[in-house]
Each structure stands twice: as structure tokens, then as C-alpha cells.
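Quick notes on the structure that follows.
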Amino acid sequence: MSIDRTILFRLATSVRLERAVRTAPRGEGLAWRAASRYVAGRTHEDARRVVGDLYTRGAASSVDQFGELVRNMETAEQVGEDYRRLATSLATFPDDAWLSIDLSHLGLDIDPPGCADQLAAIAQTLPTGRRIQVGAEDHARAGAVLRCVLDVAERGMADRLGATAQANLHRTPEDMEQLIAAGLHIRLVKGAYVEPSHLALTYGEPTDVAYLHLAHRLAEVGASYALATHDGVLREALLAALGPAPVEQLLGVRPDVVDDLISRGVPVRVYVPFGNDWFRYWMRRLAESRGA
Ligand SMILES: Cc1cc2nc3c(=O)[nH]c(=O)nc-3n(C[C@H](O)[C@H](O)[C@H](O)COP(=O)(O)OP(=O)(O)OC[C@H]3O[C@@H](n4cnc5c(N)ncnc54)[C@H](O)[C@@H]3O)c2cc1C
4 MSIDRTILFR LATSVRLERA VRTAPRGEGL AWRAASRYVA GRTHEDARRV VGDLYTRGAA
64 SSVDQFGELV RNMETAEQVG EDYRRLATSL ATFPDDAWLS IDLSHLGLDI DPPGCADQLA
124 AIAQTLPTGR RIQVGAEDHA RAGAVLRCVL DVAERGMADR LGATAQANLH RTPEDMEQLI
184 AAGLHIRLVK GAYVEPSHLA LTYGEPTDVA YLHLAHRLAE VGASYALATH DGVLREALLA
244 ALGPAPVEQL LGVRPDVVDD LISRGVPVRV YVPFGNDWFR YWMRRLAESR GA
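Be aware that the sequence shown starts at 4, since it is given in this note's numbering, and climbs by one per residue.
Right, dumping it as C-alpha cells:
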């Protein structure tokens, strides 16, 4: 693992750095100016506007309200309520708009069964044909996230859910078979978290090769999946081999690629985050833009 990647990742997840920048004179304003490329805005209405613009360009969206690592029940329940409201309001968004969520935002760390109940309630609230895509977090949470998603899928809601598979983790090929068997939509990513080498492949060639194998496996079994990567070489190699598989991108990363893919008939979905907790998300994107 490169030392730069480790340092940039630590900075990107540092609460102390966030506090220092946000309290510095003009710090918050300057940071927001730079971050706004990756963020729809602070409110639900900002997200709706960006989703509408993407729809006009021919891209679908997945809307996420920022947040993670919730450590008390009251906040987790509030987040669940916000998401149920968001799920209801999807009926007024373009009909290909989905939701995204990280389960630690919904109380996974404090009450896993309660988190599954909340995820089920959100999925049930979605208009027909929509999904809620569950993000993948660090390795320590991978088992709990998998169990929660499978639990809700088993309640007859697989067609309302999506899961995320991280190519870098050693456990992913096995986990992915369970997600495939459950009939979930799978978003294949390289993996954003820096993990120890006994748990994960290193960033770069080993992860890219794993990504290729996993994508071929998804295509081979006819799973519902998307290639969520900005890596042009990997993406084009897979599109050439598999045909126009859906591609997912993060808002603000390589926006020109979105238009190019659409013009070539490749379905594109863009992750559209909004809310006040944008700082650490922006720092991670900044780190990745430097090749971290
Ligand atoms: C829709 C979507 C959802 C995701 N969800 C998750 C998740 O739930 N869990 C998880 O662990 N990871 C998730 N990821 C993140 C993913 O794991 C990677 O960390 C991230 O996408 C960067 O890897 P890459 O595949 O784009 O390849 P890289 O090799 O990192 O990047 C490819 C190229 O894109 C450029 N690039 C990458 N990021 C930026 C940027 N911010 N600004 C400018 N250029 C950039 C790089 O410089 C490089 O040239 C998601 C990614 C996407 C697209």
C-alpha cells in the first residue's frame, strides 16, 4: 500500500481536520466552493434540481443524504424518517431516480436488527420500480452490511434493493455469490477504504484484475449490475467484452465521460449526494483525484 494513499485517506477521514478548516476564517466558504463540484447542495431541493439536469442529459441518478457512523438511536431513527420522506418524494423525481445509503448512517453499529427494519421500511416506501442502493463501508462492517441487506431481501424486497461489492476485499467473491443468489442489483466498485493486506488487495493492478474477474462473473450469471468506476481503461475493456453494461459515476468526477457514454448508448447512473455533512466526502474525492 502506498504511504501517500494511507496519509491522504487518514486526512480525508479526520474529524480534527474538518473542525480546523470549518472554524478557520473563510475556511468553510472556501472549502464549500471546492466541494460543490461533487455535491448537489445542502437541501433536498438542490438534489432534485441536479437529478432533473442529469435526466435532461440522459443520465439516471442515485440520491444520498450525507451521513455515516451514527452512534445513538435517536439520530438513527431521525435518519430513517428523513429517508422515508425522501423515498416518498421520489415519486416527484424523474422515474429512473433511486436512493443510496450507508447503513452506519441508519444505526448499523448500535442495533443491526433495528437497522434492517429501518432499511425495510424505506424500501417499502419507495415508489414501484425504484431501488435503494446500500453502500459498502470499511471491512469491519462488511459482514453486518451483508447480513442486513440479505435479511431485507429475504423479506421479499430484493427488487427494491441494491448492494455494493468492493473488488479489493478478499471476502468479496464469496459475498457476491450470496448477493447474486438473493437477486440483488450489484454496484461493483474498486473499494474506497484503505485496508490491511491480509484483508484486501492493494490499490492498483491487483484490485483492477479482481474487478475484471468480478465483472465477468456478474455478466456470466446474468445478474443485474453496474460498473461503478471512473477508470477509463477498465471500463472500456469491460464494455468491449460485455456490451453496454450500465456504468455508475460520482457527481463531479469526469462529467465529460457521462455525456460520451450516453452518446454511445451506455446507460449511466450518477451518484448525487446532498446535505450538510459534505466535508469528509469531499476530502475523500479530493484524495482520489490525486490518485490516492
Ligand atoms: C457510483 C459509485 C458508488 C461508489 N460507492 C462506493 C461504496 O459504497 N463503497 C466504497 O468503498 N467505494 C465506493 N465507490 C468508490 C470507489 O470504490 C473508488 O474509491 C472511487 O470510485 C475511485 O476509484 P475508481 O474506480 O474511479 O478508480 P481510480 O483508479 O481510483 O480512478 C480512475 C481515474 O479517475 C480519476 N478520479 C477518481 N476519482 C476522482 C475524483 N474525485 N476527481 C477527479 N478524478 C478522479 C483518477 O484520478 C483516475 O485517473 C463508489 C464509486 C462510484 C463511482
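Even glycine gets a Cβ: it sits at the ideal position worked out from N, Cα and C. None of these values were measured; they are calculated from a predicted model.
query	result
Of the listed residues Val273, Val256, Tyr274, Glu291, nearest to arginine 40 (C-alpha basis)	Val256
Among Asp56, Thr91, Leu106, Arg19, the one whose alpha carbon lies nearest that of arginine 150	Leu106
DSSP three-state assignment for glycine 159, whether helix, strand or coil	helix
Same chain, Cβ closer than 6 Å to arginine 288, neighbours up to 5 away in sequence not counted	Tyr41
Length of the line joining the Cα atoms of isoleucine 113 and arginine 267	45 Å
Through-space distance from glutamate 77 to glycine 235, alpha-carbon basis	42 Å
Of the residues Thr210, Glu291, Gln252, Gly278, the one placed nearest leucine 57, counting alpha carbons only	Gln252
Euclidean distance between Cα positions of tryptophan 35 and alanine 195	22 Å
Under 8 Å between C-beta atoms of glutamate 140 and valine 148	yes
Where glycine 132 falls, given that 16 or more other Cβ within 10 Å makes a residue buried	exposed
Phenylalanine 69 in three-state terms, based on DSSP	coil
Backbone secondary structure at leucine 1 - three-state DSSP	Past the boundaries of the shown model lies residue 1; the chain is included only from 4 to 295, so the question cannot be answered.
Alpha-carbon spacing of glutamate 223 relative to alanine 143, whole angstroms	29 Å
Exposure label - tryptophan 81; buried when at least 16 CB within 10 Å	The amino acid at residue 81 is misidentified as tryptophan; the sequence shows glutamine. Looking at its Cβ environment, which holds fewer than 16 other Cβ atoms inside 10 Å, glutamine 81 is exposed.
Cβ-Cβ distance between aspartate 262 and leucine 237 below 8 Å	no
Three-state secondary structure (DSSP) of serine 103	strand
Beta strand (DSSP E) segment containing tyrosine 284, residue limits	From DSSP, tyrosine 284 is part of no beta strand (DSSP E) but of the alpha helix (DSSP H) over 282-292.
CA-to-CA distance, histidine 216 to leucine 187, given in whole angstroms	19 Å
Any non-hydrogen atom of ligand 1 within 7 Å of valine 256 CB	yes
Whole-angstrom distance between threonine 46 and glutamine 136, CA atom to CA atom	20 Å
Sub-8 Å separation of arginine 88 and alanine 126 beta-carbons	no
Buried versus exposed, by CB contacts within 10 Å (16 or more), leucine 33	exposed
Beta-carbon proximity of alanine 161 to alanine 185, cut-off 8 Å	yes
Closest by C-alpha distance to glutamate 239, when choosing among Thr91, Ala226, Ala218, Leu254	Ala218
Inter-residue Cα distance where the pair is phenylalanine 165 and alanine 243	For the sequence presented, residue 165 should be read as glycine rather than phenylalanine. Spanning the two alpha carbons is a distance of roughly 25 Å.
Environment of glycine 159 [buried if 16+ CB atoms lie within 10 Å]	exposed
Where threonine 232 sits in the DSSP three-state scheme	coil
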